[in-house]
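Asker: Numbering (mature numbering (1 follows the signal peptide of the UniProt record, and there is no 0)), first residue to last: -22 to -1, 1 to 525.
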Amino acid sequence: MGRISSLVIGLMACLMAASVRGEDPYIFYTWNVTYGTVAPLGVEQQGILINGLFPGPEINCSSNNNIVVNVFNFLDEPLLFTWHGIQQRKNSWQDGTLGAQCPILPGTNYTYHFQVKDQIGSYFYYPSIGMHRAVGGFGGLRIYSRLLIPVPYADPADEFWVLIGDWYGKTHQTLRQFLDSGRSIGRPSGVHINGKNGGLEPAYTMEPGKTYKYRICNVGIKDALNFRIQGHPLKLVEMEGSHVVQNIYDSLDVHVGQCFSVLVTADKEPKDYYMVASTRFTKKTLVATRIIRYSNGVIPASPELPLAPEGWAWSLNQFRSFRWNLTASAARPNPQGSYHYGQINITRTIKLVNTLSRSGGKLRYGLNGVSHLDSETPLKLAEYYGVSDKVFQYNLISDDPVSLIGDLTLAPNVINANFRDFIEIIFENPTKVPQTYNLDGYSFFAVAIEPGKWSPEKRKNYNLLDAVSRHTIQVFPKSWAAIMLTFDNAGMWNLRSELGENRYLGQQLYVSVLSPNRSLRDEYNLPDTQLLCGIVKDMPKPPPYSS
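1) Ends of the beta strand (DSSP E) at Ala426?
2) Where does Thr260 fall in DSSP's three states?
3) Helix, strand or coil: how does DSSP classify Ala286 here?
4) In this structure, what does DSSP give as the bridge partners for Ile163?
5) To test your reading of the DSSP string, which unbroken beta strand (DSSP E) runs of 3 or more residues are found completely within the stretch 333 to 386?
6) Assign Val254 to one of three DSSP states: helix, strand, or coil.
7) Near His210, what residues of its chain come up, given a Cβ to Cβ distance below 6 Å and the 5 sequence neighbours on each side ignored?
8) Tell me whether the beta-carbon of Asp144 lies closer than 9 Å to the beta-carbon of Leu203.
9) What is the rounded straight-line gap between the Cα of Leu487 and the Cα of Asp201?
10) Determine the extent of the beta strand (DSSP E) in which Tyr190 is found, giving its start and end residues.
11) What does the alpha-carbon distance come out to for the pair Lys410 and Ala308?
12) Can you tell me whether Ile277 is helix, strand or coil according to DSSP?
13) Tell me the DSSP bridge mates of Gly143?
14) Counting along the chain, where does the beta strand (DSSP E) carrying Asn394 start and finish?
15) Got a sec? Which residues, its chain only, sit under 8 Å from Ser376 by beta carbon, not counting five neighbours each side?
16) With a threshold of 7 Å on Cβ separation, who are the neighbours of Thr86 within its own chain once the five nearest residues in sequence on each side are excluded?
17) Mapping the DSSP letters down to three states, classify Gly512 as helix, strand or coil.
18) So, helix, strand or coil for Val489, using DSSP?
19) For residue 527 and Glu247, what's the separation of their Cα atoms in angstroms?
20) Within this structure, are the beta carbons of Thr60 and Tyr122 separated by less than 9 Å?
21) Does the beta carbon of Gly30 come closer than 9 Å to any beta carbon on chain B?
22) Distance, Cα to Cα, Asp96 vs Arg398?
23) Tell me which residue opens and which closes the beta strand (DSSP E) that His91 is part of.
24) Could you pull the start and end residues of the beta strand (DSSP E) that Phe156 belongs to?
25) Starting from the C-beta of Val265, find all residues in its chain whose C-beta is less than 6 Å away, skip the five residues before and the five after it, and write them out in chain order.
26) Any chance the stretch 380 to 392 sits against the stretch 422 to 430, with 3 or more Cβ pairs inside 8 Å?
27) Verify whether the separation of the beta carbon atoms of Gln413 and Phe405 is less than 9 Å.
28) Classify Met(-7): buried if its beta carbon has 16 or more other beta carbons within 10 angstroms, exposed otherwise.
29) So what does Arg496 bridge to, in DSSP terms?
30) Is DSSP giving His110 helix, strand or coil here?
31) Give the C-beta separation of Phe400 and Asn323 to the nearest angstrom, bearing in mind that I take them to be a contact with Cβ-Cβ under 8 Å.
32) For Leu83 and Ser106, what's the separation of their Cα atoms in angstroms?
33) Got a sec? Which residues, its chain only, sit under 6 Å from Tyr13 by beta carbon, not counting five neighbours each side?
34) What number of angstroms, rounded off, separates the C-alpha of Leu125 from the C-alpha of Glu185?
35) To the nearest whole angstrom, what separates the beta carbons of Gly33 and Phe138, a pair I think is in contact under 8 Å?
36) Quick one: Cα of Lys519 to Cα of Pro505, how far?
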């Protein structure tokens, strides 16, 4: 009772303070995270629930809202949540990765407080430690535009979440044991749509003649998935926080970690139709279906499912068809295309090559020859307290790796980026396995994906006019991808493989972006409520940043 009373008093204080300072609105959530029974493939197993729900509850907000999520950890393991695609401006303290935060220990709670500053679109959250994401704990995060900001399409009749992903049918403890022993977790057992596969009960119902928005995210940990709706074209209107040119697609390849928003009009024969999600680039195709029903329909869906495309060249060409809507407003009134990134001089090029090793019979993944290890003291806290030299070493990897033959170095993988530098990052994938990467804290411009190896003359192939701003990038087998961004968000930011096995076994790094001035203009102070652990737990708190 005392804890609850203190929480209520604290929330009232936040609301009163916000009203006095004229802050943007606050939205509050309380999450109880527990184990529970789930059965995405029809077989019951242990999963992770939030407030008894799988998938977890939606976060529903508007641009610039302040989000407060009080997380109570009722698991028997440490827990963190990351807010996939949320930029956490000046606030890597809330990013929810082990390089930025101490974990929430079993039987305790922690309150996240972050602002969805200047963002709109479809995102999701998930538990970021170990293999938790493989068994649940994920949910949708919807950010509407502010009322005064025009949206380049009419309001839909309703909106529907479509969280698709692969599923292993094993507990996260079992998957972790495989990886800790040096083995791969292998192939998934199936695919789910919103935590289910199959069934004749409708997931959603549409009124004839009306148009609906579907927010589609791949929350899996291994496979790219193709999404389609039987007999209905998909009008793409937004991806990863950017309004796009509204092309029509029969289906969309959704790579791990990616989100799309599409418009679907109920203008077909009134009956049932299948939503379909199926694996791409795999020898065996795994399929999930769910029913969409017309409100006046009585005819069952046709058993003939629409076929998915074949080959990765189709997927590459679809990527090339995505274009930024240069005239639409996003979170601000000015058009998205008013930022002329193609006219900015590149100050640095970083090439990242994914590698693997089986040294000693144990599988590890890495970037540029280093396989990342999480430290007991979060990297950001070590940096803030001035003891980074006791926890990690900056720049173990080269910006341009020449030879990556041999064993991987196991260590915290941290690189520096100068504040406000405009940097080009090249992802080179020499393997036969498609890769997907995410960079926390930023959106970037995906200017090219091409087969082969990258070289400076390949810049002539860059799209410097209307490449879409996004936060994930896919890299096809034996191919490379180029992104560009300005490192103007101070903090410690995770760049990681979205493939769960690869990330867990070291295919990630952190980018330390330090402002030359310890100023609140560039970065928030360490929150008073921040959890402390490792060597900084009992150290005196450093002086705060100046205004």
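The beta carbon of each residue, even a glycine, is placed where N, CA and C say it ideally should be.
Since we're looking at a predicted model, the values are computed, not measured.
Answerer: In short, the structure shows the following:
1) For this step, residue 426 is matched to residue 448 along the sequence shown. Ala426 -> beta strand (DSSP E) spans Phe422 to Pro429.
2) On the sequence shown, position 282 is the one that residue 260 refers to. Thr260 falls in the coil class under three-state DSSP.
3) What you label residue 286 is simply residue 308 of the sequence shown in a count that begins at 1. Looking at Ala286 - three-state DSSP - the assignment turns out to be coil, as it is neither helix nor strand.
4) Along the sequence shown, one-based indexing puts residue 163 at 185. None; Ile163 has no bridge partner.
5) 342 to 345 and 348 to 350
6) Your numbering for residue 254 matches position 276 in the sequence shown. Of the three classes helix, strand and coil, the one that applies to Val254 here is strand, per DSSP.
7) On the sequence shown, position 232 is the one that residue 210 refers to. So the qualifying residues of the chain are Val242.
8) Here residue 144 refers to the residue found at position 166 of the sequence shown. Here residue 203 refers to the residue found at position 225 of the sequence shown. Yes, the Cβ-Cβ distance between Asp144 and Leu203 is below 9 Å.
9) Numbered from its first residue, the sequence shown carries residue 487 at position 509. Numbered from its first residue, the sequence shown carries residue 201 at position 223. Cα-Cα distance, rounded: 22 Å.
10) Within the sequence shown, residue 190 is the residue found at index 212, counting from 1. Counting along the chain, the beta strand (DSSP E) containing Tyr190 begins and ends at Thr189 to Asn196.
11) Within the sequence shown, the letter at position 432 stands for residue 410. Within the sequence shown, the letter at position 330 stands for residue 308. Cα-Cα distance, rounded: 37 Å.
12) By one-based count along the sequence shown, residue 277 stands at place 299. Ile277: coil per DSSP, three-state reduction.
13) As a position in the sequence shown, residue 143 is number 165, starting the count at 1. Partner(s): His170.
14) Counting from one through the sequence shown, the residue named residue 394 turns up at place 416. Here the beta strand (DSSP E) through Asn394 covers Val392 to Asn396.
15) Counting from one through the sequence shown, the residue named residue 376 turns up at place 398. Excluding positions up to five away in sequence, the list reads Asn346.
16) As a first step, residue 86 is located in the sequence shown; it is residue number 108 there, counting from the start. The residues are Asn51.
17) The sequence position of residue 512 within the sequence shown is 534, counting from 1. Of the three classes helix, strand and coil, the one that applies to Gly512 here is helix, per DSSP.
18) Against the sequence shown, residue 489 aligns to sequence position 511. It is a strand residue.
19) Because the chain is modelled from -22 through 525, residue 527 falls outside the range shown and cannot be assessed.
20) One-based indexing of the sequence shown puts residue 60 at position 82. One-based indexing of the sequence shown puts residue 122 at position 144. Contact: no.
21) In the structure shown, chain B cannot be found, because there is only a single protein chain.
22) What you label residue 96 is simply residue 118 of the sequence shown in a count that begins at 1. What you label residue 398 is simply residue 420 of the sequence shown in a count that begins at 1. Roughly 18 Å between the two C-alpha positions.
23) Along the sequence shown, read from residue 1 onward, the residue named residue 91 stands at position 113. Taken as a continuous stretch (DSSP letters only), the beta strand (DSSP E) holding His91 covers Asn87 to Gln93.
24) One-based indexing of the sequence shown puts residue 156 at position 178. Careful: Phe156 lies outside any beta strand (DSSP E), inside the alpha helix (DSSP H) at His150 to Asp158.
25) Within the sequence shown, the letter at position 287 stands for residue 265. The answer, listed in chain order, is Ser256.
26) no
27) Start at 1 with the first residue of the sequence shown, and residue 413 comes out as number 435. Start at 1 with the first residue of the sequence shown, and residue 405 comes out as number 427. The answer is yes: Cβ separation under 9 Å.
28) Within the sequence shown, residue -7 is the residue found at index 16, counting from 1. The predicted model places Met(-7) with a pLDDT of 43, which falls under 50 and marks its position as unreliable, so this point remains unresolved.
29) Here residue 496 refers to the residue found at position 518 when the sequence shown is read from its first residue. Arg496 pairs with nothing; no bridge assigned.
30) Position 132 of the sequence shown, counting from 1, holds the residue named residue 110. In the structure shown, His110 sits in a helix (DSSP, three-state: H, G or I).
31) Stepping through the sequence shown from its first residue, residue 400 is reached at position 422. Stepping through the sequence shown from its first residue, residue 323 is reached at position 345. About 7 Å separates the two Cβ atoms, so the contact holds.
32) For the purposes of this step, residue 83 is taken as the residue at position 105 of the sequence shown. For the purposes of this step, residue 106 is taken as the residue at position 128 of the sequence shown. If I take the Cα positions, the gap works out to 14 Å.
33) Along the sequence shown, read from residue 1 onward, the residue named residue 13 stands at position 35. Hits under 6 Å: Gln24.
34) Reading the sequence shown from its first residue, position 147 is the one you call residue 125. Reading the sequence shown from its first residue, position 207 is the one you call residue 185. Approximately 26 Å between the Cα atoms of the pair.
35) Here residue 33 is taken as the residue at index 55 of the sequence shown, counted from 1. Here residue 138 is taken as the residue at index 160 of the sequence shown, counted from 1. This sequence places Pro at residue 33; Gly is not what is there. Contact flag wrong, Cβ pair sits at about 13 Å.
36) Within the sequence shown, numbered from 1, the residue matching residue 519 stands at position 541. Within the sequence shown, numbered from 1, the residue matching residue 505 stands at position 527. Cα to Cα, Lys519 sits roughly 11 Å from Pro505.
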